[in-house]
Each structure stands twice: as structure tokens, then as C-alpha cells.
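The structure under discussion appears below in the form of C-alpha cells.
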Amino acid sequence: MAGKEATVYIVDLGLSMGEKRHGRDQTDLDWTLEYVWDKITNTVASGRKTALMSVIGYRTDETDLGGIMEEQEGYMNIHVFSELKQYLLGDIRNLQQHLHPSKTNDGDLLSALALAVQMIDSTTQGKSGKPLKYDRKIVIVTDGRGDMDMDDLVEIAAKIQDKDAPIEITLLGVDFDDPESGFKEEDKEPEKAENEHRLKVFMDSCQGIMGTVAEAVDQLAIPRLKEVRPTPSYKGELTLGDREKYDATISIDVERYPCTMLAKPPTASSFAMRTDGGAGPSTESSNTIVGEDHPMTDLAAVRNQRVYQVDNLDEPGTKKNVEIDELEKGYEYGRTAVHISESDMNVVKLETVPSLSIIGFVKAEEFERYLSMSRSNFIVAQKTNREAQLSLSSFIHALYESECYAVARLVTKELKPPVIVLLVPRIEVDWEALIDVELPFEEDMRRYKFPPLDRKLTISGKVITEHKDLPTKDLTDAMSAYVDAMDLSTFGRDEDGEPTEYAKPEDTFSPIVHRINHIIRWRATHPDPTLPIPEPPAILTQFAKPPPELLASASSPLDALKSAAKVSKVPPKVKGRGKRNRAERDKPLSGLDIDALLGNPERVKIDPGNLIPSFKNALAASDDLDAIQGAADGMGAEIKALIKNSVGDSGYGRALEAMRVMREELTELEEPGIWNVFVRDLKKALLGGDLGGNRRDMWWKVRGSKYGLVDRKRSFVSDVAEEEAVEFYKS
């Protein structure tokens, strides 16, 4: 659970850590820091003030014991970079400047370990001298080289194993021998081999964890699930029967906790880039800053301002600001806003008290799984209440043995609307619980009727089983064979090579959540914006595509399915100037000229009563540029007529819709010049009062709809630059 933590990282910064070994393109220190930075940035990202950290470097050029003790023999070449505290982004930036290989190999690991134990002991003690409730951890990364003083190992191990304040210690070695993975470093220096042996004996004596950096770095790509402290959504009684009217009722003290919670990626909506250039170090977590600029980065807080507007009856077409006290509440019913006054609201508002009462039972086989409307929750007996635990266990077993589910009415808080939940018994080896999901009310149900897929019904009631829209037996069999060929339930292989499920839920992770967190942690330690973002870990993308072996084995059933379904390739939709070349596109297989046979005209007149369809027909009737220009001129004339003849803003809506279609069609035909000429002339007419008086309201609507010039960004054949298009909107 997310409790208090005190973690000290001991990092070997000796001269030997600056070398590249065994064909790696990184120094030993950069390699180990991948693990250290991942752990630190994960903790920083959590924003927990109770997660304290410190970093101690040994085999450093200088000695700085951070005031924990005075400098003395045996503690030289050790640097305490910070006391135990909550780390922030500024601390990471500062730490990056110090974690680099030194120019010496002098320094004792065990002395640094003793310093870390003393630091944790002094920080996690209460005023009375008793240890507080902390998870105490020490993480050591080293290459095992250099001199080590082993005289005080027994005392240090005893302190680490203190039953009142035990410390969990982990040691990761660079190129340490690992019998489990089969790695053994060749031509190892005798000094390092001896240190490895001594460290292994020491770690065994204090029941610590000893591993290799290679193993730890390989596991960094595996996403870590976030564990949170469960918060009850309901504490009260589970009742069967009305206690106020009857004596024969059942009442059990229970608590309700969520089974799982939806994990969402962090958003970037809280802050924006600062423009005043002011930035400085922070003493506060970014999660606690509300409405203030972020002091440790170049970020500024995003401030929201809500304004309420209504139509201004004195000036048609404009809005006026009003205070929230002047408004009354409305509720959505479909797409309709329903107004309910405060007095009526008090009448219809249901007064409720927290409760969980059983209102019925249902057979397990009769429950439809699609009815559940919410995430699931656990209902367990009240802690330390033996009688409640025994009663709830009896109720759970009764439901399980009778193969029934309970239906209950739940109110989690006072005056909160009640919900109906289904209670499902769950019995495991070491725990029992009820699992609840919300059920729909009658108003929540949507009962749609769809025609059957295997037959057609005529108006007279005749049943037709053979039709071009109905699947044949060959098609059904081919589809069934293809589905069987794509079966993933036995495609995977377990450790023994036996068939097992492919892409198990516990092996799949949300790419968007873990990828964004991965990039945030990486950017925290790589602030240079010119550095390319690393590729996502393979574990996040391993199930992004179907396995090639499965696709290969299913190719034959797929071909059979295509043949049975008579699948043919649909030509791609023609856009741009390809629309103008209609000769090949519209040529029928018979070779006949359909337009000539039907007497279709090459030019279609724009019909004011059917404006948009007639404009589209006019563009589709001919490839000739003159015909397109004529259609655009006719459309433009009708748009101006709509505006000129409009009473108030009654015709503005039709004119705007016609402008939208005209702009899109001409842009798609790669003739933005025709549109640009029209819209320039329209702006001049609107602002000059040439369309029936003052039509500036229409110009504001054109601006708001962004129906201005088509620039090169929207159409590469346009001769209008982006700056000119922006300037066009200015009156």
C-alpha cells in the first residue's frame, strides 16, 4: 500500500565506473543510472510527500557527510547529496550535475552503508525515540571494485535486521556472476571476485536481495501496477427485511471497496509554457500547486474563467454576460433542456439515508451479463467484527450453493439518488466477498428491434431464406472456418511448451498510460528538446498486431471466405483534380455514353430552391473549368441574395451552410482561387453595406465559422500565404 517510505540510494561513482565493458556502448555508471533514475522518477511522478529519498555517492573526489557526522577516518570519499526528503524535478536536475565518474577509486562501500542506516534511523524516529511506521529501504549499485572494510559487518547486519525498524536492502552488481541466468564474467580481477563473495555473504546474513544490473535494467520495461490505499464507498448495514416493521430481519455490518479503478494517463492541461521567462527552484510538489505558476520549471498555471451568456434581445445577433445568480437550472432530457424551479425541485427530490437493503433474488442462469452498468466493487464484512464476518460468510455460501444472486438497493451517502446493484457471491481459498455491479432502471433500457440475419419477412408475412442479402451455407461455413483459424485461446505456449491462451489479460498493458508515463520519466532526466524520443518498450507493443504465424495459418481460410463472399476491390475515392478527369472514372463496362443516352446536360443551372444539391450536380456534370466557374458564380450570386433579402439574421444560416459547401467543393477540386475571389468580394460587399444595409453581423459569423481565404496550408495550389489568410479576418 502507499504508506510512508524512506529510501536511500548508494551509488558507486568510482573511476572504474567510467569504463565501457563487454561491448556495451555505455559506461558502467550510465548503465546503472538507468535503474536509479527510473526508480527516482517513478517516485517523483507519484507526488507523494511521504515518499522520502536520498542519494549517497561513494568513491567520490570530495567528502561531504551532509552534517550527519563529522569527517573521520573510514568515511572519506563519501558524498551525501541530500537529506531524506521528498524529491522534485529541481532535485533531479541538481543531482544530474553530480552523478559522474570520479578520478579516484578510494572509498568504502560499507562505510556509506553505515551512513545510510544512520540517516534512515534518525529520520524515521519519533520524538520519544521510538521508530515510526515507515518502509525503510536501501538500494546499492556498484561494480564491486575498490577496497572494502569488512570489520563492522555483524553490527551493520544486526541494525538492518532490527525487528522494531527493519530495513529492506537490495544490492545490484555490475557484471556480477549470476548462476540463474548462466552469466559468468571471464578474466575477473581477484579483488572483484573476493568482494563479490564478501558482499554475497553479507547480503545473506541480513536477508537482503542481491542481483545484477543487467537483470534489473531488463525489467525496467515491464510496467508497474500502481497500488493505492482502498477507500470505502459505503460503511453500514446490509439488511434483509424492514427492521422498523418486523423483528425477523437480517442485518450485517459491511464495507464496500472498489475492485479495480480505471487508470488514466496524466494530462497536460494544468500548465502552459511561461512567456515571461521567470523560473526558479521549487519547494512544493507540482501536484499541490493550484492557480499559481510552477516555480521550478518554465510552466505557468492555466487559469480558467467561466462566463455565462444569453441572447441580447436589445441587439439581435449579439450576446450579453449575466451572473450565475440570474440563471435557473435546467436538465437535459435527450437534446431538450428542461427547466425545473427550486421549489419544484424540493418537491420531487428524494430524501435518502445511507443503506444497503436486499429487495429480491434472481437465478444466476437468468441474469444477462450485458445488464451491468458500472465497475465492480467488493462488499466485505466490517473489520474486527467477528459476528459480521460469520454472518456474511453464511450469506455468501447460501447464495453460492443455491446458485442465486441478490438484488439490492444502495444509497452510499445521504440525499444521494439510490441505485440498484446485483450482489454476486465470490469464494476464494483465503477470502470471501460479495461483488456488486449497478443494474439499469427501466428508463435506462433501450429495446431496439433488428431484423433477423438468416431470413427476410415480406409484407404479406412470407418467410424468405434465400436472398442476395442473406448469407449462404458456403459463406457461413467459410466464416466459421476463418474464425476457428484465428482462435487465440490455445495459440500461446507456456513454460513447458504446452498450448495456452495468447495475450492473457495479466500480460497486456495499456499502451497509452504506460507510454506517456515512460516518456515523462525519460524527459525528466533528458531535458534537451533536441533529443529524439525513444521507441516504446517491446512489452507494450507485442500484442499490437496479430502474430505472423497465426496470419499465415489463416491465409487459406481467408481466401476461401473472400471467394464465398465474392469480395471485390473498391476503387479509391477520387479527390482533387482526379475528379476533373471523369472520362475513365465514369466509363461503364459496356462502353456506352450514359449521359448522351439519357440526355443529361453538360451544365446544370443553380436552383435557389434546391441550392446545395444543384450546385453539387453542376460541378459533377462537367470537367470544363468554365462550367465550374459558372457554377461558382451562380452559387455566389444566390449566397449574396440570401444575405441581401434576409430579414435580420433569418437567412444567415442558409448562406453560411452554402458557403461551407462551396468552399469545401472548390478546395477539393483544387480550384481555391475561384473561392478566394468570391470571398474577397463578399467581404467588401458586407462591410460596404452593398447587401441591403448594415450586414456586419454576417461578417462576424463568417469570421467565427472560419470561412475565409483558402491558404497554402489547406490547398497546396493556393497562391495565398498563411499570414495573408490570418490578416483577412481583421476588419
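Its first residue numbered 1, the sequence shown is counted upward by one per residue in my numbering.
Think of the CB as a built atom: it goes at the ideal place given N, C-alpha and C, for glycine as much as any other residue.
These numbers come from a predicted model, not from an experiment.
Inset, instruction - Determine the closest residue to residue 98 out of 343, 312, 29, 218, with distance taken between C-alpha atoms. - result: For the residues 343, 312, 29, 218, the minimum Cα distance to residue 98 belongs to 29.
Legend entry - Integer-rounded CB distance, given that residue 78 should sit under 8 angstroms from residue 107: 6 angstroms
Inset, instruction - Classify residue 517 as buried or exposed, calling it buried when 16 or more other Cβ atoms lie within 10 Å of its own Cβ. - result: buried
Legend entry - Reduced DSSP secondary structure (H/G/I, E/B, other) of residue 701: helix
Inset, instruction - Tell me whether the beta-carbon of residue 84 lies closer than 8 angstroms to the beta-carbon of residue 54. - result: Annotated as proximal: residue 84 and residue 54, with beta-carbon spacing under 8 angstroms.
Legend entry - Nearest-angstrom Cα separation, counted from residue 472 out to residue 464: 13 angstroms
Inset, instruction - Just the C-alpha distance for residue 677 and residue 664, rounded to the nearest angstrom, thanks. - result: A direct Cα-to-Cα measurement between residue 677 and residue 664 gives close to 15 angstroms.
Legend entry - Contacts around residue 292, its chain only, beta-carbon distance under 6 angstroms, and the 5 residues preceding and following it disregarded: At residue 292, the pLDDT of 47 sits below 50, so the modelled position is not reliable and the matter cannot be decided from this model.
Inset, instruction - Would you tell me roughly how many angstroms separate the C-alpha atoms of residue 646 and residue 661, rounded to the nearest one? - result: 20 angstroms
Inset, instruction - Verify the CB distance criterion: does residue 548 have a CB-CB separation below 8 angstroms to chain B? - result: Here chain B cannot be found, since the structure has a single protein chain.
Inset, instruction - Please report how far the alpha carbon of residue 4 lies from the alpha carbon of residue 410, in whole angstroms. - result: Cα-Cα distance, rounded: 34 angstroms.
Inset, instruction - Could you please give the first and the last residue of the uninterrupted beta strand (DSSP E) stretch that includes residue 361? - result: 355-363
Legend entry - C-beta atoms of residue 68 and residue 115 nearer than 8 angstroms: yes
Legend entry - Residues that DSSP places opposite residue 378 in a beta bridge: 257, 435
Legend entry - C-alpha distance - residue 605 paired with residue 702, whole-angstrom precision: Separation of residue 605 and residue 702 (C-alpha to C-alpha, rounded to the nearest whole angstrom) is 26 angstroms.
Inset, instruction - Kindly list the residues whose CB is nearer than 8 angstroms to the CB of residue 236, restricted to its own chain and excluding five residues on each side of it in sequence; keep chain order. - result: 253, 254, 354, 355, 356
Legend entry - Minimum length 4: unbroken alpha helix (DSSP H) runs contained in the stretch 433-515: 473-485, all fully within the stretch 433-515.
Inset, instruction - Can you give me the Cβ contacts of residue 427 inside the same chain, cut-off strictly under 8 angstroms, excluding the 5 residues immediately before and after it? - result: 396, 397, 400
Legend entry - Ordered list of alpha helix (DSSP H) runs contained in the stretch 655-694, each at least 4 residues: 672-688
Legend entry - Which of helix, strand or coil DSSP assigns to residue 251: strand
Inset, instruction - Pick helix, strand or coil for residue 428, following the three-state DSSP scheme. - result: coil
Inset, instruction - Starting from residue 732, follow the alpha helix (DSSP H) in both directions and report where the run begins and ends. - result: Outside the displayed range of the chain (1 to 731) lies residue 732, so it cannot be described from this structure.
Legend entry - residue 142 and residue 95 closer than 8 angstroms at C-beta: no
Inset, instruction - Identify, in the order they occur along the chain, each residue of the same chain with its Cβ nearer than 6 angstroms to the Cβ of residue 685, setting aside the five sequence neighbours on each side. - result: Answer for residue 685: 691, listed in chain order.
Inset, instruction - Can you say whether residue 101 is buried or exposed, counting buried as having 16 or more other CB atoms within 10 angstroms of its CB? - result: A residue is called buried when at least 16 other Cβ atoms come within 10 angstroms of its Cβ; residue 101 meets this threshold and is buried.
Legend entry - CA-to-CA distance, residue 172 to residue 216, given in whole angstroms: 8 angstroms
Inset, instruction - Evaluate contact between the stretch 477-486 and the stretch 558-566, counting only Cβ atoms and requiring at least three cross-stretch pairs below 8 angstroms. - result: Using a C-beta cut-off of 8 angstroms, the stretch 477-486 makes contact with the stretch 558-566, since at least three inter-stretch Cβ pairs fall below that distance.
Legend entry - For residue 236, the three-state DSSP class (helix, strand or coil): strand
Inset, instruction - For residue 634, name the three-state secondary structure that DSSP assigns. - result: helix
Legend entry - Proximity to residue 59 [Cα-Cα], best of 432, 147, 256, 378: 147
Legend entry - Reduced DSSP secondary structure (H/G/I, E/B, other) of residue 147: Correct three-state label for residue 147: coil.
Inset, instruction - For the alpha helix (DSSP H) containing residue 651, list its first residue and its last residue. - result: Unbroken run through residue 651: none, as it is neither H nor E.
Inset, instruction - With DSSP as the reference, label residue 132 as helix, strand or coil. - result: coil
Inset, instruction - Find out if the Cβ-Cβ distance for the pair residue 233, residue 258 is shorter than 8 angstroms. - result: yes
Legend entry - Host beta strand (DSSP E) of residue 168 (start-end): 167-173
Inset, instruction - Decide if the stretch 219-226 is in contact with the stretch 169-188; the criterion is three or more beta carbon pairs, one per stretch, under 8 angstroms apart. - result: Between the stretch 219-226 and the stretch 169-188 there are fewer than three inter-stretch CB-CB distances shorter than 8 angstroms, so the stretches are not counted as touching.
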